[in-house]
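If you're matching positions, the sequence shown starts at 667 in my numbering and goes up one per residue.
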Amino acid sequence: MRELLSRQAGSIRTHEAPLDAIERRGRRGQRLRVAVTASALAVVIAVPVGAYAVGSGDNTPVAKAPSPTSPTKVGVPPAHTTPTPTPSGPAAPGSPEQLADGITYEQAADGLEKCLAYHREMDVTTDEDLRIELGKAEDYRILLAHRMTGDDNAPGDGFWVAATTDKPRPNRVICRIVDGKSTGISSGSEELLPEFGPVHPDINAGKLNQQTIITSGGWRMPYRWGSIGQFASEVERVTVTYGDETVEASLDHGWFAATGILQKQPTTAPHIKGYDADGKQIYDSTQDKFYEHALPKS
């Protein structure tokens, strides 16, 4: 009996209590910012990490059925209603058409966050007079987001995000997001002066609607393009014609945003027109001395 009890006691193991790992929290203390000029910020290409799932990847847009009396609207919303921003994120665009190619508000907001973080991390300026604080993502409103087709100057497919803010000062940013990482940012602020006219296309909008050709024989097609700019209070409607397509622009807090698809390489820059409440044309970009009508030669 003693031998039997000894064997049974040897086979019993006490159940050890689990030792939970203590989570150590840290804060990132140092944030660097990058200096920008009043017109634009040139940046370098960063090594891509991760990936965004944008559209189907076959460059085939899903077109919205045009109305019989209005130009075609090509930007397809990812949902039937405009998304509601989170309290800590940027404001959502005014209309679903401003998010094209299946890009969600969450993706656009995340891209803007990464873009502003990239701006801060690239700052090596020690002169306080040259620093321009771009603010936080929640200061902004998403203006436009659409698929990006890489070109010789900025290779790699991803998407563009354009956003505007009045805090800490009026500003507009255009961000490149490739493989889930910000690889470039353009920042600038232009007050809508009377001499600009009732519509003022953004000076850096060419990033959204032009490809740079250095070694290749032409633009990659089909090509998703975008156009943004400001408009005055008397403007009730803006159209943008690029190639053979005319698009009705969305009007959002003093800014217009339009996007479409090109099937062949254009010969001139987007043609922008503005109309008042009576339907009278009050702006034509071909008559705007500040607007570059010709596409740059590659």
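Built from N, CA and C at the ideal position, the CB exists for glycine as well.
DSSP state of A783 mapped onto helix, strand, coil: Shown here, A783 sits in a helix according to DSSP, grouped into three states.
Selection from K847, G940, G895 and L917 that minimises the alpha carbon distance to P759: Taking only the C-alpha atoms, the option nearest P759 is L917.
Same chain, Cβ closer than 7 Å to G884, neighbours up to 5 away in sequence not counted: Q931
Whether T878 touches A820 by CB criterion (9 Å): Yes, these two residues count as a Cβ contact at 9 Å.
Rounded separation between G940 and S882 - CA only: The straight-line gap separating the alpha-carbon atoms of G940 and S882 is approximately 36 Å.
Distance CB(A924)-CB(G892) smaller than 9 Å: yes
Bridge partner(s) assigned by DSSP for G850: R842
Paired residues, beta bridge with W921 - DSSP: In DSSP, W921 forms a bridge with Q896 and D918.
Residue from A774, R835, L874 and I851 with nearest C-alpha to G816: L874
Residues of its chain near P743, where Cβ-Cβ distance is below 7 Å and the 5 sequence neighbours each way are ignored: Residue confidence is low: P743 scores 46 on pLDDT, short of 50, so the model does not pin down where it sits. Its coordinate-derived value is still stated next. Contacts found: P762, E763 and L765.
Coarse secondary structure for E958, derived from DSSP in three states: coil
Three or more C-beta pairs below 8 Å linking the stretch 799-808 and the stretch 821-831: yes
Neighbourhood of E902 by C-beta distance below 7 Å, restricted to the same chain and skipping five residues each side: Shown here for E902: same chain residues with a beta carbon closer than 7 Å to its own, the five before and five after excluded, namely Y941, D942 and A943 in chain order.
Three-state class that DSSP yields for N837 in the structure shown: strand
Residue nearest to F825 in terms of C-alpha spacing, selected from P836, R838 and K847: Among P836, R838 and K847, the Cα nearest to that of F825 is on K847.
Option nearest V904 by Cα separation, candidates R786, S852, K946 and S754: K946
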